[in-house]
Ligand SMILES: Cc1cc2nc3c(=O)[nH]c(=O)nc-3n(C[C@H](O)[C@H](O)[C@H](O)COP(=O)(O)OP(=O)(O)OC[C@H]3O[C@@H](n4cnc5c(N)ncnc54)[C@H](O)[C@@H]3O)c2cc1C
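Residue numbers (the numbering used here): 4 to 345.
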């Protein structure tokens, strides 16, 4: 049986799967993984399909769609089943008066995928509030509980992303904070400006949540089926993290231009992928084919309706190569590639 995958991704791209299994309980997830592994069948775990670029040839194995449910709040401790819709769960924590996830509003996809690339936005990332991840370990053939320190979280990365064929996330546990109805400190300058506060100040939780949704919608970063600018995988490239030597070489090429630069740990500087793309001459809406940059955000590559994955990858390569030629910086894709590479 061939099952279409494109409708299960936010890019609406990719060929069919040989087999599609939907699991509604943890036991069904584990049984499906065990069955695929026992048969030596390739396995692709699918949440909301919002961070996946699936090749036009599709997937020659089992695609396991995680549809488990569970939102359990005990004081400030939250446990989410992997299949919970992330943005709904965030809204519920805000409604419950708890801080910790409010700046992660509106991010598409499932709760179980959030530890995979340490989902983050507007100065917050899940690594700050995750206490434990319960996962099925395909190597050991049993469920394991990994403490935060064992998840190797870093910028848009984790142990789960580093070792994609080993863990299937079943549950994610968080410690949130009761700040008397206030948010975590505002970290992101754009949010602080928009809310008329100084960075590090706290604001009303509900206001922080609403402001993030407003800012995201303005950039096409909240899903809207009627708006092709949101037929994307979010940011297509991660922000480059440069060593001191790389950063010196980069700034030497800039002339009068000044690029954003943020400290990213000892001897490392993070710059902005969106800035690089824009200043390499790729403006919002760039491209004449069925795949173009979003008209609202240079960092999102979008399907205007009739694109193939190859169209999208051709655009991604054009942007990556253009940025390399202009600035000597190598952009790296953020979404997970299935059966294709840049
Ligand atoms: C409009 C838009 C805006 C976005 N904005 C942001 C943003 O602000 N910040 C950000 O960090 N990301 C953002 N993203 C990317 C994406 O939403 C996140 O990475 C999200 O966590 C992906 O969840 P998903 O369920 O859709 O994962 P999928 O796309 O289904 O899968 C992504 C990867 O995770 C794996 N995976 C999924 N579920 C599990 C599981 N239970 N166990 C093990 N592996 C699993 C898959 O195999 C795959 O490798 C955005 C995407 C879009 C389309």
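Ideal Cβ placement from N, Cα and C applies to all residues, glycine included.
A quick note: this is a predicted structure, and the numbers were derived from the prediction, not measured.
Looking at the structure shown, is residue 231 part of a helix, part of a strand, or coil, going by DSSP? The answer is helix: DSSP assigns residue 231 an H, G or I state.
Cα-Cα separation, residue 159 to residue 84: Roughly 21 angstroms separates the two Cα atoms.
Could you check how far apart the C-beta atoms of residue 295 and residue 288 are, in whole angstroms? I think they sit under 8 angstroms. That belief holds up - the Cβ atoms of residue 295 and residue 288 are roughly 6 angstroms apart, short of 8 angstroms.
Got a sec, what are the start and stop residues for the alpha helix (DSSP H) residue 221 sits in? Run containing residue 221: 208-221, per the alpha helix (DSSP H) assignment.
So does residue 57 have its beta carbon nearer than 7 angstroms to some heavy atom of ligand 1? Answer for residue 57: no, Cβ out of range of ligand 1.
Measure the Cβ-Cβ separation of residue 319 and residue 223 and say whether it is below 8 angstroms. It is not a contact, given that the beta carbons lie outside the stated cut-off.
If you follow the beta strand (DSSP E) that residue 137 is part of, which residue opens it and which one closes it? DSSP places residue 137 inside the beta strand (DSSP E), whose first and last residues are 133-140.
For residue 127, does the three-state DSSP call read helix, strand or coil? Three-state result, residue 127: strand.
Under three-state DSSP, which class holds residue 85? Assigned with DSSP and collapsed to three states, residue 85 falls in coil, not helix or strand.
Starting from the C-beta of residue 229, find all residues in its chain whose C-beta is less than 7 angstroms away, skip the five residues before and the five after it, and write them out in chain order. Closer than 7 angstroms at the Cβ level, and outside the excluded window around residue 229, lies no residue.
Would you report the Cα separation of residue 104 and residue 226, rounded to the nearest angstrom? As the crow flies, the alpha-carbon of residue 104 is around 19 angstroms from that of residue 226.
Where does residue 115 fall in DSSP's three states? Three-state result, residue 115: helix.
Cβ-heavy atom distance, residue 158 to ligand 1, below 7 angstroms: Every heavy atom of ligand 1 is 7 angstroms or more from the Cβ of residue 158, so no.
Measure how close the beta-carbons of residue 16 and residue 311 come, nearest whole angstrom, since I'm counting them as under 8 angstroms. Confirmed, about 7 angstroms.
Give me the DSSP bridge partner(s) of residue 22. For residue 22, DSSP records a beta bridge to 65.
Cβ pair count under 8 angstroms reaching 3, the region 168-183 against the region 21-37: Because the criterion of three Cβ pairs below 8 angstroms is met, the region 168-183 and the region 21-37 touch.
Just mark residue 18 as buried or exposed, buried being the case when its beta carbon has 16 or more other beta carbons within 10 Å. Buried, because 16 or more other Cβ atoms sit within 10 Å of the Cβ of residue 18.
Residue-level contact to chain D via CB, residue 259, 8 angstroms cutoff: The structure shown has no chain D; it contains just one protein chain.
Inter-residue Cα distance where the pair is residue 144 and residue 207: Spanning the two alpha carbons is a distance of roughly 45 angstroms.
According to DSSP, which residues form a beta bridge with residue 80? DSSP lists 77, 178 as the bridge partner or partners of residue 80.
Residues near residue 148 in its chain [Cβ-Cβ closer than 7 angstroms; skip 5 each side]: Once the five neighbours on either side are set aside, the close Cβ partners of residue 148 are 135, 137.
Between residue 23 and ligand 1, is the CB less than 7 angstroms from at least one heavy atom? Residue 23 Cβ: outside cutoff for every heavy atom of ligand 1.
Whole-angstrom C-beta distance between residue 182 and residue 102, which should lie under 8 angstroms: The C-beta distance from residue 102 to residue 182 rounds to 5 angstroms, short enough to meet the 8 angstroms contact threshold.
Quick test of the definition: if touching needs 3 or more C-beta pairs under 8 angstroms, does the region 207-218 touch the region 160-168? Contact fails between the region 207-218 and the region 160-168, because fewer than three Cβ pairs, one in each stretch, are under 8 angstroms apart.
Suppose you measure from the CA of residue 198 to the CA of residue 168; what does that come to, to the nearest Å? Rounded to whole angstroms, residue 198 and residue 168 show a C-alpha spacing of 42 angstroms.
Other residues of its chain near residue 80: CB distance less than 8 angstroms, five sequence neighbours each side excluded: Correct list, in chain order: 134, 176, 177, 178, 179.
Return the Cβ separation of residue 108 and residue 215 in integer angstroms, given the expectation that the two are a contact with Cβ distance under 8 angstroms. Rounded, the Cβ-Cβ distance is 4 angstroms, consistent with contact.
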